[in-house]
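A.B. asks: Sharing a structure with you now.
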Amino acid sequence: MKTIKEVSEVFQKLGAPKFRVKQFLHAVFKEGKTDYHKIQVLPVELKQQLIEALPVLSIKPVLHIVSSKKNTEKALFEINGGQKVEAVLMRYKDGRNSICISSQAGCQMGCKFCATGTMKFGRNLTAEEIFDQVFYFHIHLLKQSESISNIVYMGMGEPFMNYDNVLESVRMLNHPDYLNLAARRITLSTSGIVDGIKKLTDEPLQVNLALSLHAPTQPMRESIMPVARRWKIDELLDSINAYTAKTHRRVSFEYVMLNGINDQPETAEELAKISNGKLTHINIIPYNSTDIAGITGSEKTNIIKFKNILQKNGISVTVRVTMGQDIAAACGQLANKNKQKQDERTK
Ligand code: SF4
Numbered sequence: 121m122k123t124i125k126e127v128s129e130v131f132q133k134l135g136a137p138k139f140r141v142k143q144f145l146h147a148v149f150k151e152g153k154t155d156y157h158k159i160q161v162l163p164v165e166l167k168q169q170l171i172e173a174l175p176v177l178s179i180k181p182v183l184h185i186v187s188s189k190k191n192t193e194k195a196l197f198e199i200n201g202g203q204k205v206e207a208v209l210m211r212y213k214d215g216r217n218s219i220c221i222s223s224q225a226g227c228q229m230g231c232k233f234c235a236t237g238t239m240k241f242g243r244n245l246t247a248e249e250i251f252d253q254v255f256y257f258h259i260h261l262l263k264q265s266e267s268i269s270n271i272v273y274m275g276m277g278e279p280f281m282n283y284d285n286v287l288e289s290v291r292m293l294n295h296p297d298y299l300n301l302a303a304r305r306i307t308l309s310t311s312g313i314v315d316g317i318k319k320l321t322d323e324p325l326q327v328n329l330a331l332s333l334h335a336p337t338q339p340m341r342e343s344i345m346p347v348a349r350r351w352k353i354d355e356l357l358d359s360i361n362a363y364t365a366k367t368h369r370r371v372s373f374e375y376v377m378l379n380g381i382n383d384q385p386e387t388a389e390e391l392a393k394i395s396n397g398k399l400t401h402i403n404i405i406p407y408n409s410t411d412i413a414g415i416t417g418s419e420k421t422n423i424i425k426f427k428n429i430l431q432k433n434g435i436s437v438t439v440r441v442t443m444g445q446d447i448a449a450a451c452g453q454l455a456n457k458n459k460q461k462q463d464e465r466t467k
């Protein structure tokens, strides 16, 4: 779906009165009618013109798979140009439905443990393409009389490398005539783009920020995340302090547990040291192995030890529930698998 401004311009060009825009958006978002033929409220002639001028969905769903436990669903979309991006729906036991979406096709950041990081970078997604991943799941859930609770920008890509389109997509999610999702239910996640954190600090939107920290020291961070060479950990943590001081919003530190790399007890002590006194919450993520770079996830016992050390130091911490391992739910895994299959077919 295009932005409200673009949609209004299309209607205007076609000579349709303003109230038709509201009728159209209501039919699409509130009634879940994505087929123009089913939107009875619009005149037939206008609908014929809109089919050409205003396609409802800008991305083509090519695969939708459900995990064996039925709590995770993953969709693969083809974007203009043929590349694939993915989005994941996670259904939590408490009834929340969270959608994880992509902001780029591929990613330039090259994090060592990430399937997307190993793919060739494609391009930034448009605001419409980002929004449409959520829109797709909105329609899917509406059919089951359910709704979306949260959105996380933790799929493929680095949101702050596509800052303007990402923020535009947030405004679309937020818009009362679109999905009307409160900004505080939306989380932007960055690998550590300090310029983006600074920009977000000054935005009037109340979105949440998550930082993929993954290591508490500069050498360790650099060894797994090339972004750390550009923005050193001290500068990064300073930008987080400035963000929380201005917004009074808690930042989530994401911490993926990698066997023998960042999961030692002394590393937990270091992490506690740099987190202490900050308005943060640490989210420990068991690693969904992707068979890349020989990296494996930490043992469960090490994860528990690590968490206990943080807790003992008074740090707010949780361990994320793993979901959807049987459908390759970690970022980039499905698009990568799909690409590998295509490569095999063309060999
Ligand atoms: S973890 Fe995120 S930022 Fe890093 S390579 Fe993967 S998609 Fe990019």
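The sequence shown maps to residues 121 to 467 in the working numbering.
A virtual CB, placed ideally from N, CA and C, is assigned to each residue, including glycine.
Please report the Cβ distance between MET276 and ALA330, rounded to the nearest whole angstrom; I am assuming they are in contact, meaning their Cβ atoms lie under 8 Å.
C.D. replies: Not really, about 16 Å apart at Cβ, beyond 8 Å.
A.B. asks: Looking at the unbroken beta strand (DSSP E) that takes in SER343, where does it start and where does it end?
C.D. replies: First-last for SER343: 338 to 344, but that is the alpha helix (DSSP H), not the beta strand (DSSP E).
A.B. asks: Rounded to a whole number of angstroms, what is the C-alpha to C-alpha distance between THR442 and LEU378?
C.D. replies: Those two C-alpha atoms are separated by around 15 Å.
A.B. asks: So which residues touch the region around ligand 1, with touch meaning a C-beta under 5 Å from any heavy atom?
C.D. replies: After applying the 5 Å Cβ criterion, the set is CYS227, MET229, CYS231, CYS234, THR236, GLY237, GLU278 and SER311.
A.B. asks: If you draw a straight line from the alpha carbon of LYS347 to that of THR337, how long is it in whole angstroms?
C.D. replies: It should be noted that the sequence gives Val, not Lys, for residue 347. So the two alpha carbons sit approximately 13 Å from each other.
A.B. asks: What separation, rounded to the nearest whole angstrom, lies between the Cα atoms of GLN228 and GLN132?
C.D. replies: Each residue's alpha carbon lies about 39 Å from the other.
A.B. asks: Could you round the C-beta distance between ILE313 and MET274 to whole angstroms and report it? I think they count as a contact, below 8 Å.
C.D. replies: Contact flag wrong, Cβ pair sits at about 14 Å.
A.B. asks: Kindly indicate which three-state DSSP category GLY237 falls into: helix, strand or coil?
C.D. replies: Helix at GLY237.
A.B. asks: Is it buried or exposed, ARG216, if we count other Cβ atoms within 10 angstroms and call 16 or more buried?
C.D. replies: Answer is exposed; the Cβ neighbour count stays below 16.
A.B. asks: How would you label ARG211, buried or exposed, when you count the other beta carbons within 10 angstroms and need 16 or more for buried?
C.D. replies: Buried is the call here.
A.B. asks: Once you ignore the five residues that flank ILE221 on each side, which residues in its own chain have a CB closer than 7 Å to its CB?
C.D. replies: If we look at ILE221 and ignore the five residues flanking it on each side, its Cβ neighbours are ALA207, ILE250, GLN253, VAL254, ILE271, TYR273 and GLY275.
A.B. asks: Rounding to the nearest angstrom, what Cα-Cα distance links LYS263 and GLY152 in this structure?
C.D. replies: Distance between the alpha carbons of LYS263 and GLY152: 8 Å.
A.B. asks: Check each candidate in GLY380, LEU357 and ILE404 and name the one with the smallest Cα separation from ILE394.
C.D. replies: That would be LEU357, whose Cα lies nearest to the Cα of ILE394.
A.B. asks: Use the C-beta contact count for GLY434: other C-beta atoms within 10 angstroms, 16 or more gives buried, fewer gives exposed.
C.D. replies: Under this definition GLY434 is an exposed residue.
A.B. asks: How about ILE124 and VAL141: do their beta carbons lie closer than 9 Å?
C.D. replies: Yes. Within cutoff.
A.B. asks: Give the secondary structure of ILE402 by DSSP, where H, G and I count as helix, E and B as strand, and everything else as coil.
C.D. replies: Of the three classes helix, strand and coil, the one that applies to ILE402 here is strand, per DSSP.
A.B. asks: With a cut-off of 8 Å on the beta carbons, I'd call ALA414 and TYR407 a contact; round off their distance for me.
C.D. replies: Just to set this straight, residue 414 is Gly in the shown sequence, not Ala. Their Cβ separation, rounded to whole angstroms, is 13 Å, which puts GLY414 and TYR407 out of contact at 8 Å.
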